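Shown next, in structure tokens, is the structure this report addresses.
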Amino acid sequence: MAAVLLLVGCTQSDRSEIVTWTDEHGRACTGVAVIDSEDNDREVNSIDCDYPPEGRTPGRTTSTPLPRK
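Residues in the sequence shown are numbered from 1 upward in steps of one, following my numbering.
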């Protein structure tokens, strides 16, 4: 039992990043990507997309780690 607890304590935790991108409609989008530590799968949550102000274009796609508390 102690060995099982030790192994569980050594697993790497998932991490989250703030990601931005431009969708197929030209909207600037922001979301939170949760990255699974075991297989690097990404799940994006809290997606918010808006059209840029008239005369402006969205910036480049980015990915930034969430700030630590």
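Backbone N, C-alpha and C fix where the C-beta goes; we use that ideal spot for every residue, glycine too.
These numbers come from a predicted model, not from an experiment.
Alpha carbon of PRO65 to alpha carbon of GLU17, nearest angstrom: Here the alpha carbons of GLU17 and PRO65 stand approximately 4 Å from one another.
Quick one: any contact between the stretch 56 to 63 and the stretch 35 to 44, if contact means 3 or more CB pairs under 8 Å? The stretch 56 to 63 vs the stretch 35 to 44: no contact.
Quick one: is the Cβ of PRO53 within less than 7 Å of any heavy atom of the ligand SAM? Absent from the structure shown: the ligand SAM. Ligands present: none.
Where ASP48 and THR30 are concerned, what is the direct C-alpha to C-alpha distance, given to the nearest angstrom? So the two alpha carbons sit approximately 5 Å from each other.
Between ASP14 and ASP36, how many whole angstroms is the CB-CB distance? I'm expecting something under 8 Å. Right, the Cβ-Cβ distance comes to about 6 Å (below 8 Å), so this counts as a contact.
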